[in-house]
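J.:
Protein chains: 2
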Amino acid sequence: MSPRLPVEAILTDIDSLERYAHDASEAVAPMPPSAVVRVASTAEVSAVMEAAHAHRVPVTPRAAGTGRVGGAVPMAGGIVLALERMNSIRGIEAGDSLAVVEPGVVTGELHRAVESEGLFYPPDPNSWESCTLGGNIATNAGGPRAFGYGVTRDYVLGLEAVMADGSVMQVGRRTRKGVTGYDLVGLLVGSEGTLGVITEATVRLLPNPARVVTLVALVASEADIAPSLAALRARGIRPRCAELLDAHTLGLVRLKVGFAIPESARALLLIELDAAPDASDRLDAELERAGNALVDAGALEVLVATQSHERERLWAARRELSWALRTLAKNKLSEDVVVPVTELGALLEFCTATAERTKIRMPAYGHAGDGNVHVNFLWDTEDERPRVEEAIEALFERVIALRGTLSGEHGIGVLKAPYLGLEQSDAVVALEKRIKDAWDPAGILNPGKIFPGEATRALHNFHGAC
Amino acid sequence: MSPRLPVEAILTDIDSLERYAHDASEAVAPMPPSAVVRVASTAEVSAVMEAAHAHRVPVTPRAAGTGRVGGAVPMAGGIVLALERMNSIRGIEAGDSLAVVEPGVVTGELHRAVESEGLFYPPDPNSWESCTLGGNIATNAGGPRAFGYGVTRDYVLGLEAVMADGSVMQVGRRTRKGVTGYDLVGLLVGSEGTLGVITEATVRLLPNPARVVTLVALVASEADIAPSLAALRARGIRPRCAELLDAHTLGLVRLKVGFAIPESARALLLIELDAAPDASDRLDAELERAGNALVDAGALEVLVATQSHERERLWAARRELSWALRTLAKNKLSEDVVVPVTELGALLEFCTATAERTKIRMPAYGHAGDGNVHVNFLWDTEDERPRVEEAIEALFERVIALRGTLSGEHGIGVLKAPYLGLEQSDAVVALEKRIKDAWDPAGILNPGKIFPGEATRALHNFHGAC
Chain X
3 MSPRLPVEAI LTDIDSLERY AHDASEAVAP MPPSAVVRVA STAEVSAVME
53 AAHAHRVPVT PRAAGTGRVG GAVPMAGGIV LALERMNSIR GIEAGDSLAV
103 VEPGVVTGEL HRAVESEGLF YPPDPNSWES CTLGGNIATN AGGPRAFGYG
153 VTRDYVLGLE AVMADGSVMQ VGRRTRKGVT GYDLVGLLVG SEGTLGVITE
203 ATVRLLPNPA RVVTLVALVA SEADIAPSLA ALRARGIRPR CAELLDAHTL
253 GLVRLKVGFA IPESARALLL IELDAAPDAS DRLDAELERA GNALVDAGAL
303 EVLVATQSHE RERLWAARRE LSWALRTLAK NKLSEDVVVP VTELGALLEF
353 CTATAERTKI RMPAYGHAGD GNVHVNFLWD TEDERPRVEE AIEALFERVI
403 ALRGTLSGEH GIGVLKAPYL GLEQSDAVVA LEKRIKDAWD PAGILNPGKI
453 FPGEATRALH NFHGAC
Chain B
3 MSPRLPVEAI LTDIDSLERY AHDASEAVAP MPPSAVVRVA STAEVSAVME
53 AAHAHRVPVT PRAAGTGRVG GAVPMAGGIV LALERMNSIR GIEAGDSLAV
103 VEPGVVTGEL HRAVESEGLF YPPDPNSWES CTLGGNIATN AGGPRAFGYG
153 VTRDYVLGLE AVMADGSVMQ VGRRTRKGVT GYDLVGLLVG SEGTLGVITE
203 ATVRLLPNPA RVVTLVALVA SEADIAPSLA ALRARGIRPR CAELLDAHTL
253 GLVRLKVGFA IPESARALLL IELDAAPDAS DRLDAELERA GNALVDAGAL
303 EVLVATQSHE RERLWAARRE LSWALRTLAK NKLSEDVVVP VTELGALLEF
353 CTATAERTKI RMPAYGHAGD GNVHVNFLWD TEDERPRVEE AIEALFERVI
403 ALRGTLSGEH GIGVLKAPYL GLEQSDAVVA LEKRIKDAWD PAGILNPGKI
453 FPGEATRALH NFHGAC
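In order, the protein sequences belong to chains X and B. So the first sequence is numbered by my numbering: it starts at 3 and just counts up by one. So the second sequence is numbered by my numbering: it starts at 3 and just counts up by one.
#1: Report the neighbours of B/I414 on chain X: residues whose CB is nearer than 8 Å to its CB, in chain order.
#2: Which term fits X/K418, buried or exposed, when burial requires 16 or more other beta carbons within 10 angstroms of its beta carbon?
#3: Please state the DSSP three-state secondary structure of X/V107.
#4: Could you tell me which residues DSSP pairs with X/I1 in its beta bridges?
#5: Would you call X/D25 buried or exposed, if buried means 16 or more other Cβ atoms sit within 10 Å of its Cβ?
#6: Name the two residues that bound the continuous beta strand (DSSP E) containing X/W381.
#7: Going along the chain, which residues of the stretch 137–169 of chain B sit with their C-beta nearer than 8 Å to a C-beta in chain X?
#8: Identify the contact partners of B/V341 in chain X, using a Cβ-Cβ distance below 8 Å as the criterion.
#9: First and last residue of the beta strand (DSSP E) that includes X/P63?
#10: Applying a beta-carbon distance threshold of less than 7 Å, which residues of chain B neighbour X/A419?
#11: Hey, which unbroken runs of the beta strand (DSSP E) at 3 residues or more fall wholly within the stretch 163–217 of chain X?
#12: Would you decide whether X/K179 is buried or exposed? Buried here means 16 or more other CB atoms lie within 10 Å of its CB.
#13: Are there three or more Cβ pairs, one per stretch, closer than 8 Å when the stretch 84–95 of chain B is compared with the stretch 159–172 of chain B?
#14: From the DSSP secondary-structure annotation, give me the bridge partner or partners of X/I273.
#15: Flag X/E434 as yes if its beta-carbon sits less than 7 Å from any beta-carbon of chain B, otherwise no.
#16: Within a Cβ cutoff of 7 Å, which residues of the same chain sit near X/F122, ignoring the five residues on either side of it in sequence?
#17: In its own chain, which residues sit with a C-beta less than 7 Å from the C-beta of B/K361, not counting the 5 before and 5 after it?
#18: Taking X/D298 as the reference, give the member of X/F352, X/D248, X/L220, X/T354 with the closest Cα.
#19: Within a Cβ cutoff of 6 Å, which residues of the same chain sit near X/Y2, ignoring the five residues on either side of it in sequence?
#20: Would you decide whether X/E314 is buried or exposed? Buried here means 16 or more other CB atoms lie within 10 Å of its CB.
#21: Can you tell me the Cα-Cα spacing of X/M33 and X/V59, whole angstroms?
#22: With which residues is X/T407 paired in a DSSP beta bridge?
#23: Inspect the beta-carbon positions of B/T196 and B/N378 and report whether they are closer than 7 Å.
#24: I'd like to check one pair, B/T407 with B/V343: are the Cβ atoms closer than 7 Å?
#25: When we look at the beta-carbon of X/N374 and count the other beta-carbons within 10 Å, is it buried (16 or more) or exposed?
#26: Interface residues of chain X around B/N374 at Cβ under 7 Å?
#27: Taking CB distances under 7 Å as the criterion, tell me whether X/S409 reaches chain B.
#28: Mind listing which residues of the stretch 342–353 of chain X have their C-beta closer than 7 Å to chain B's C-betas, in chain order?
#29: Going along chain B, which residues have a C-beta under 7 Å from X/V48?
#30: Tell me the residue span of the beta strand (DSSP E) that contains X/H369.
#31: In three-state DSSP terms, what is B/T154?
#32: In whole angstroms, what separates the C-alpha of B/T251 from that of B/L461?
#33: If you drop the 5 nearest sequence neighbours on each side, which residues of the same chain put their C-beta closer than 7 Å to that of B/M3?
#34: What is the rounded straight-line gap between the Cα of B/T68 and the Cα of X/D283?
#35: With a cut-off of 8 Å on the beta carbons, I'd call X/G183 and B/L422 a contact; round off their distance for me.
#36: With respect to 6 Å, is the separation between the Cβ of B/A331 and the closest non-hydrogen atom of the ligand NAD below this value?
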C-alpha cells in the first residue's frame with residue numbers, strides 16, 4: 003500500500019545534507035544525515051516511517067528549521083523528514099471557527115488567510131513570517147499574544163500524526179470541548195517530534211479583534227515592571243501583550259522607536275489592548291484606564307499609539323531586537339526562561355549581577371506578562387565561552403530557585419537537554435521516557451532530544467561506539 | 003518511611019462499603035470494595051498505593067462521588083481511596099494569580115475563597131457546591147463558563163500525583179507558560195484516575211470580572227440557536243456563557259423564571275457577559291450590541307437581567323433542570339455529547355425525531371456555545387430500557403457522524419466505555435493503553451474504566467473467572 007516516493011523527493015547531495023543538518027540554533031550535528039526526504043503527503047510520511055522502522059533508521063522531522071534549541075538537527079544521522087512541501091491550508095471553516103492545515107504552512111500565511119475572513123489565530127512566535135505550524139505545534143510555540151490568548155496548545159483541537167512504525171493516527175477532535183480518552187493532542191503538542199510526526203492539524207480560531215492599540219510605559223527601574231503589571235491586573239485589564247525591554251535592549255531601540263526616551267528610563271513595558279471593530283468605545287475607555295493605571299504605578303512616561311503605522315514602528319523595533327543583538331557580538335545565545343511574574347525584578351537583577359561578574363553581556367527582553375524572558379548572551383572570542391557556560395548554568399539554577407521553568411516556548415531540543423535535571427526529578431524524566439519507549443520502542447523518532455545524555459546514546463545506538 | 007494509617011481511616015463496615023460503591027450515575031459495582039481508606043495526606047496516599055502495588059490490589063480513587071459515568075465506582079473490588087479529607091486550600095497567591103489546593107476542596111469553596119481576594123477560578127460544573135477539584139481534574143470538568151474561559155485543563159498549571167507504585171511526582175509548573183519535557187499535566191487531567199492519584203494541584207486564577215449581565219433570547223425554533231451564536235460571534239462578542247434550553251426543558255422552567263414566555267417560543271438561549279467592576283461602560287455597550295445582534299438574528303424576544311437577584315432566578319431554574327427532569331420519570335440518564343456548533347440544529351432535530359421513534363422522552367439543554375448538549379433520557383418501566391439503549395446508541399452514532407465527540411465534560415468512566423470505539427479507532431485506543439500499561443503495568447489504578455471491555459477484564463484479572 004505504500005506509495006513510491008518520487009525520486010526527486012530524496013536528496014543526497016552534500017549541499018542539501020548540509021543545508022538540512024542545522025536549524026536557527028548553535029546545535030551541531032555530529033555527522034551529516036544520510037538523506038533528506040521532502041515528503042508531499044501523509045502517505046509518503048507513513049511510507050518513510052514504515053521503512054525507517056523496518057530498518058531501524060533514525061528520522062528527524064523538520065518543518066522550517068527556525069527552532070532555537072536544535073530540535074530539528076539530526077543528532078544520529080539517518081533521514082531528515084522535511085515537511086515544508088506539505089504547506090496547504092486545507093480549509094477554513096468560519097461557522098465552526100476552525101482551520102485545517104498541513105504542517106508546512108507558514109504561521110504568517112495562516113494569520114493572513116483567516117484574518118481575511120474576520121478570524122484570528124493568536125499564536126505569533128517572533129519568526130511568524132518564516133516558521134510553520136508543524137514546528138509551532140512540535141514546540142508548543144507562544145509569542146507576544148500568548149499573554150492574552152494562550153499558546154499553540156490552546157488552539158490545537160485535533161491532529162493527524164504518523165507514529166514511529168508508520169501508522170497514521172487521528173487524535174483529538176474538531177470541537178473545543180471533549181474528554182473522550184486520554185489527551186493525546188496535548189501529549190503530542192510540545193513533544194518536539196519525538197512521539198509522532200504531525201501531518202495535519204485542526205486549529206481553533208477566534209473572531210478577529212481587529213482594532214488594536216499600543217501603550218508604552220517607560221519606567222525608572224526594571225523592578226517597576228511587575229508592579230505595573232499588577233496595577234493593570236488589579237483594574238481587571240487583560241492586555242493581549244505585555245512585552246518588556248531591559249536597560250540594554252532599550253538602549254538598542256532608542257533611535258528606532260520614533261519617540262524620545264528620557265535618560266532616566268531603565269526599562270520599557272509595551273502593552274497592547276484589542277477589541278472587535280465595533281467595540282471602539284470600550285477600547286478607548288480601557289486605553290484610558292490602562293494609561294492611568296501605569297501612571298499611578300509610577301511610570302516616568304506613558305505613550306499611546308493608536309494608528310497602525312505608529313504601532314508598526316514600535317513592533318518593528320521589538321521584532322528586530324533578536325537580530326540587532328546579533329550585530330553586537332560575534333556570538334549570541336538566547337535562553338527563554340520563565341519565572342513567576344512577581345519574580346521578574348529578581349530575575350533581571352540577577353542577570354545584571356551575573357553579567358557584571360562573568361563579564362558576559364546579558365541583555366534581556368520578552369513576554370513580561372507571562373514572566374517569559376529572553377535572556378541573551380553575547381560574546382566574541384572562544385576564550386569567553388567557559389564564562390558563557392557558567393552564566394547560562396547560573397541563570398538556569400536561579401530560574402529554578404525562583405520556581406520558574408527552563409523554557410517558555412523554544413523547547414528543550416539538544417541545547418537544553420543537559421539541564422533538564424535541574425527542573426525535573428529523575429523519577430519524572432523516567433515517567434516521560436516510559437511514554438517515549440511505549441510509543442517508539444526502537445527510538446527512531448528524533449533521537450537525541452529532550453532527555454539528558456540522549457544525543458550520545460543515540461549516536462551509540464545507531465552507529466556503535468563512534 | 004510509610005506512615006501508619008490511623009485505624010479510623012480504614013472503613014470496612016458494610017454501610018460504608020455500600021456508601022462508597024456508587025457515584026451520581028447508574029453505574030453498579032459488581033461486588034463491594036474490601037475497604038474504604040479515607041486518607042489525610044500525600045504520604046498516606048503513597049503508603050496505600052505502595053501496599054496495593056505490592057499485593058496487586060485494585061484501587062479506585064474517589065473525591066466527592068458526583069461523577070456521572072461511574073468513574074469513581076469500584077469495578078473490581080479492592081480499595082476505595084477516598085480523598086475527601088484532603089480538603090484544604092494550601093494557599094492563594096494573588097501576585098502570581100494562582101492557588102494551591104488539595105483534591106478534596108469543594109469547587110464552590112475555592113470560588114468563594116479566591117473571589118474574596120478579587121480573583122476568579124472559572125470552571126463551574128453544575129455540581130460546584132458539592133463536587134471537588136480532584137474530581138474536576140480527573141474528568142477535565144467544564145460548566146457554563148467554559149464557553150468564555152475554557153475547561154479545568156486550561157487552569158491546571160502543576161500537579162502532585164501519586165503513581166501506581168506509590169511514588170510521588172511533581173509535574174508541571176507554577177507559571178502559565180512552560181514547555182520543558184512532555185505535558186504530563188495535560189495527560190493526567192481527564193485521565194479519570196487511571197494514571198495517577200492527584201494529591202495537590204496548582205491552579206491558575208484570573209482577575210474577577212465581578213460585574214455580570216444576563217440576556218435571555220427566546221427563539222421560535224431550535225434551529226435558530228446556532229445562527230444566534232453566529233450573530234454574536236460576527237460582532238466580536240465573546241460571552242462567558244451561552245446556554246441552551248430546548249422546547250421540553252423550556253416548558254419545565256416556564257413557571258420559574260419570573261417572566262412570561264410566549265407560546266411560540268421553542269427554545270431559549272441564555273447569554274452572560276462580564277467585565278471588571280470599573281469597566282461598566284464597556285459592559286453596558288456590549289450588552290446593547292449583544293441584544294441588537296440577537297434581535298437581528300430573529301429572536302422573538304430578548305430580556306435583560308442586570309441585577310443579581312434577577313440573574314439568580316434565571317440560573318436557579320437552569321441549575322435545577324437536572325433535578326427537575328428527574329421528577330418527571332422513575333429513571334433518567336444524561337449524556338453530555340458535543341457537536342460542532344453549526345450542527346446544533348441537526349442534533350436537536352435528531353433528538354426530537356429519535357424521541358418520537360423510540361417513544362423515549364429526550365429533553366436537551368446545555369452549553370450551546372461549545373456545542374456541548376446534555377441529552378436526557380427519561381423512562382419509567384424496565385420494559386422501556388431496550389428502547390433507551392437503542393436511543394442512546396443512535397445518539398452516539400449521530401454525534402460521531404456530525405463530527406462531534408461522546409463526552410464534553412463527564413468523561414467515559416464505565417458507562418460510556420462500550421461506545422469508545424465509535425469515536426476512536428482501535429489503533430488510537432491501543433496508543434492510549436500503551437501509556438496506561440507503561441505507567442501502571444499491574445493495572446491496579448481505577449481498573450475497568452475508559453477502555454471497552456476493561457470492566458470484565460478487571461474482574462477477571464483480580465478475581466479469576468468470577
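Every residue, glycine too, gets a C-beta built ideally from N, C-alpha and C.
T.: Quick look at the numbers:
#1: V181, T182, G183
#2: buried
#3: coil
#4: Past the edges of chain X, shown from 3 to 468, lies residue 1 of chain X, and the structure says nothing about it.
#5: buried
#6: 374–381
#7: T141, N142, G144, A148, G152, V153, R155, D156, M165, S169
#8: T177
#9: 61–64
#10: Going along chain B, no residue has its Cβ under 7 Å from X/A419, so there is no contact; the nearest lies around 10 Å.
#11: 170–174, 199–206
#12: buried
#13: no
#14: X/L217, X/A244
#15: yes
#16: V116, L207, L208, P209, N210, P211
#17: R389
#18: X/L220
#19: For residue 2 of chain X there is no data in the structure shown, the boundaries of chain X being 3 and 468.
#20: exposed
#21: 14 Å
#22: X/V340
#23: no
#24: no
#25: buried
#26: K179
#27: yes
#28: P342, V343, T344
#29: According to the sequence provided, residue 48 of chain X is Ser. The question's Val does not apply to it. Here the premise fails: no neighbours, minimum Cβ distance about 12 Å.
#30: 366–369
#31: helix
#32: 40 Å
#33: Per-residue confidence for B/M3 stands at a pLDDT of 48, beneath the threshold of 50, marking its modelled position as unreliable; the derived number appears in the next sentence. No residues qualify anywhere along the chain.
#34: 44 Å
#35: 7 Å
#36: With respect to the ligand NAD, the structure shown offers nothing to examine, as it has no ligands at all.
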